[in-house]
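Report on the following structure.
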DNA sequence: ACCGCCGATACCCGCGGGGTATTGCTGCCC
DNA sequence: GGGCAGCAATACCCCGCGGGTATCGGCGGT
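Residue numbers (the UniProt record's numbering), protein chains in the order written: chain A, 1 to 279; chain B, 1 to 279.
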């Protein structure tokens with residue numbers, strides 16, 4: 001199988017429409033139809049169910065969609081990493097969630113910079129759920145993730161720290177100064193539903209809370225009394241003046257881990273991981 | 001990048017000889033030379049250092065070799081898994097080391113078979129260090145691995161059991177019946193060096209011990225007083241009459257884990273993992 | 001019943017991947 | 001030191017295949 005075929009199939013499987021997929025790929029529709037037919041013949045599997053009005057995935061098609069995405073990511077990663085290896089000054093790309101792990105990240109960068117042979121570290125702050133993809137397709141070398149929120153499937157990790165969580169409320173909320181609340185109390189707060197974060201595919205789950213996509217937006221919405229949030233304790237130092245925090249007693253512990261793609265331990269990456277585990 | 005280019009590069013990088021690589025690929029040498037040049041141009045990286053007498057990998061070339069193998073495995077896995085998904089009766093392929101994990105495996109198969117909706121399980125016994133590759137390229141769905149011997153990088157795992165280890169000696173050896181020995185005692189045994197197992201690339205490390213590649217061969221060599229072995233306790237029940245075992249007091253604990261490729265939890269696999277964790 | 005949408009088919013073209021023949025370089029051996 | 005052998009690169013040709021346009025066939029909606 002050639003990557004071209006995989007790209008074609010992924011386009012059709014995502015669009016579920018040959019015409020749109022062809023436009024997205026920058027080719028005409030007929031060659032795309034043929035390519036998919038050829039792929040189906042070679043695999044001996046019907047990948048798509050077509051009527052003249054709709055295209056749907058069969059079960060083998062769903063399997064291939066998942067696998068093809070992973071394979072294309074691996075190919076893309078090979079390309080990117082080779083390009084990077086050929087560059088003269090090879091910075092490590094570290095990706096972290098904007099607004100999270102701030103203090104730990106600063107300490108890590110300091111500790112690593114003090115090591116002999118440390119290379120430049122290029123810190124990329126990105127949205128939720130984008131980190132895993134960046135690691136997988138070679139755009140990033142290493143990430144700071146938070147268990148149990150982020151999936152670490154298929155990545156190598158080292159645990160860095162574990163902490164409790166706090167509830168962030170609008171300033172002046174009745175619970176301000178409370179010695180501690182429970183999850184059930186938060187869920188029952190009148191008019192303050194928990195926010196909805198985008199899932200891996202970029203869509204939002206259903207629910208009453210507002211849709212948020214980054215930390216600043218979340219804080220703004222809290223200050224406006226539109227929502228509340230449960231965040232790791234370490235985020236307390238970064239809170240704005242118009243929100244307050246109270247401890248959450250029965251929150252699951254949050255573990256910050258440093259994660260990197262398997263089989264990719266360059267010297268520089270190994271040094272960074274070593275510095276991280278010594279914090 | 002197309003998989004064809006990756007296959008070509010891997011062949012040349014492994015053979016370090018354009019002629020042999022071309023023969024292995026079933027094409028002539030000139031198109032292969034051109035394809036590699038084209039790849040180098042597109043990546044903007046010199047991958048191979050050629051003189052008229054030798055070909056060597058550059059550092060970006062070494063990166064690409066590693067990444068290309070992973071990418072090709074992913075593509076191959078996509079193909080195999082799609083084919084399998086299209087077959088009517090989809091057995092789960094479980095791979096275990098021949099001669100290891102025997103009892104646990106039997107219990108696991110029984111427990112899973114008793115579950116509702118259980119599918120057939122195709123047990124493949126293979127040599128050391130081949131299991132990971134079979135999982136990665138889609139020939140197997142799930143494996144029983146032994147930490148810390150097997151690498152579980154890039155795989156999802158669940159721990160099943162932890163046990164100590166024992167030393168297997170020729171029958172009649174002076175240590176027979178000893179209440180327990182230490183690693184230092186074993187290393188110092190006159191004329192009984194520890195065996196050498198093949199590494200991931202199929203070669204053997206240097207050392208005094210005999211080369212072994214499977215369990216039966218190892219037992220035979222022990223019975224012949226050519227070597228000794230350190231194996232998990234559970235292997236005791238499978239020992240032949242002409243060898244004896246004594247406990248090893250300071251051995252690292254061996255953990256048997258069930259492992260599967262990330263993002264590949266079919267219903268059947270999930271059932272098997274569930275049955276395993278309930279053992 | 002007709003129109004419009006969409007995937008499949010028919011047919012054509014040009015590029016690029018693959019082949020053979022040859023060159024050019026270099027280490028080795030007599 | 002000159003000739004030879006081995007190997008990658010170059011030159012040149014060809015055909016298969018990937019891609020394009022035109023068209024068909026089937027089906028749903030109005």
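C-beta atoms are modelled at their ideal positions from N, C-alpha and C, and glycine is treated no differently.
- Message: By the 7 Å beta-carbon criterion, what residues does the region 49 to 83 of chain B contribute toward chain A?
- Response: 59, 60, 63, 64, 66, 67, 68, 70, 71, 74, 75, 77, 78, 79, 81, 82, 83
Next item on the list: Compute the beta-carbon to beta-carbon distance between residue 198 (chain A) and residue 227 (chain A), rounded to the nearest angstrom, for a pair I have assumed lies under 8 Å.
Entry: Between residue 227 (chain A) and residue 198 (chain A) the Cβ distance is about 15 Å, and since that is not below 8 Å, they are no contact.
- Message: Mapping the DSSP letters down to three states, classify residue 247 (chain B) as helix, strand or coil.
- Response: strand
- Taking Cβ positions only, does residue 263 (chain B) come closer than 8 Å to chain A? yes
Report the residue from B:43, B:85, B:180, B:53 whose alpha carbon sits nearest the alpha carbon of residue 45 (chain A). B:85
Practice task
Ignore the nearest five residues each way along the sequence and tell me which others in residue 281 (chain A)'s own chain have a CB closer than 7 Å to its CB.
Solution key: The shown model of chain A, from 1 to 279, leaves out residue 281 (chain A), and the question about it has no answer.
Beta strand (DSSP E) runs contained entirely in the region 155 to 215 of chain A, provided each spans 3 or more residues: 156 to 163, 165 to 170
| message | 8 Å is my cut-off, CB to CB: does residue 139 (chain B) come that close to chain A? | response | no
- prompt: From the beta carbon of residue 3 (chain B), is the nearest beta carbon of chain A less than 8 Å away?
  reply: yes
Who does residue 53 (chain A) pair with in a DSSP beta bridge?
In the DSSP output, where bridge partners are listed per residue, residue 53 (chain A) has none listed.
- Item | Counterpart residues of residue 232 (chain A) in DSSP-defined beta bridges | A:165
> Of the residues A:143, A:263, A:157, A:14, which one's Cα is nearest the Cα of residue 47 (chain A)?
Replying inline: A:14
- Going along the chain, which residues of its own chain have a beta-carbon closer than 6 Å to the beta-carbon of residue 249 (chain A), five neighbours each way excluded? 180, 182
Worksheet entry | Among B:259, B:278, B:27, B:263, nearest to residue 93 (chain B) - alpha-carbon criterion | B:259
Among A:121, A:97, A:255, which has the Cα closest to the Cα of residue 164 (chain A)? A:255
Check: Would residue 44 (chain A) count as contacting chain B if we go by Cβ distances under 8 Å?
Finding: yes
Quiz item: Looking only at its own chain, which residues have a Cβ that is under 7 Å from the Cβ of residue 35 (chain A), when we skip the five neighbours before and after it?
Solution: 5, 8
(message) Less than 7 Å between C-beta atoms, sequence neighbours within five positions excluded: which residues of the same chain meet that for residue 119 (chain B)?
(response) 90, 91, 92, 268
Within a Cβ cutoff of 8 Å, which residues of the same chain sit near residue 103 (chain B), ignoring the five residues on either side of it in sequence? 234, 237
Practice item. Within the same chain, show all residues whose beta-carbon is closer than 6 Å to that of residue 16 (chain B), passing over the 5 residues directly before and after it, in chain order. Key: 55
Rounding to the nearest angstrom, what Cα-Cα distance links residue 25 (chain B) and residue 77 (chain B) in this structure?
20 Å
Q. Where are the beta strand (DSSP E) runs, 3 residues long or more, that stay fully inside the region 55 to 92 of chain B, in chain order?
A. 55 to 57
- Task: If I'm right that residue 112 (chain A) touches residue 275 (chain A) with Cβ under 8 Å, what's the distance once you round it to whole angstroms?
- Result: 4 Å
Between the region 151 to 182 of chain B and chain A, which residues of the former have a C-beta closer than 9 Å to a C-beta of the latter? 151, 153, 154, 155, 156
| field | Counterpart residues of residue 94 (chain B) in DSSP-defined beta bridges | value | B:123, B:142
Could you give the DSSP three-state label for residue 267 (chain B): helix, strand or coil? helix
Quick check: the Cα distance between residue 186 (chain A) and residue 109 (chain B), rounded to an integer number of angstroms? 45 Å
Handout entry: Boundaries of the alpha helix (DSSP H) in which residue 3 (chain B) is found, first to last residue
Key = 3 to 15
- Query: Out of A:247, A:239, A:135, A:170, which has the shortest C-alpha to C-alpha gap to residue 224 (chain A)?
  - Reply: A:170
With a threshold of 16 other CB atoms inside 10 Å of the CB of residue 49 (chain A), please say whether the residue is buried or exposed. exposed
- prompt: Quick one: what's got a C-beta closer than 8 Å to residue 107 (chain A)'s C-beta in the same chain, skipping five residues either side?
  reply: 279
Candidates A:264, A:20, A:19, A:63, of which the one nearest residue 156 (chain A) by Cα: A:264
For this session: Grab the span of the alpha helix (DSSP H) containing residue 36 (chain B) for me, first residue to last.
Result: 29 to 43
| said: Tell me which residues share the same chain as residue 240 (chain B) and place their Cβ nearer than 8 Å to its Cβ, disregarding the 5 neighbours each side in the sequence. | reply: 219, 223
- So, using beta-carbon positions, are residue 257 (chain A) and residue 115 (chain A) closer together than 8 Å? no
TODO: Within 10 angstroms of the Cβ of residue 96 (chain B), are there 16 or more other Cβ atoms? Answer buried if so, exposed if not.
DONE: buried
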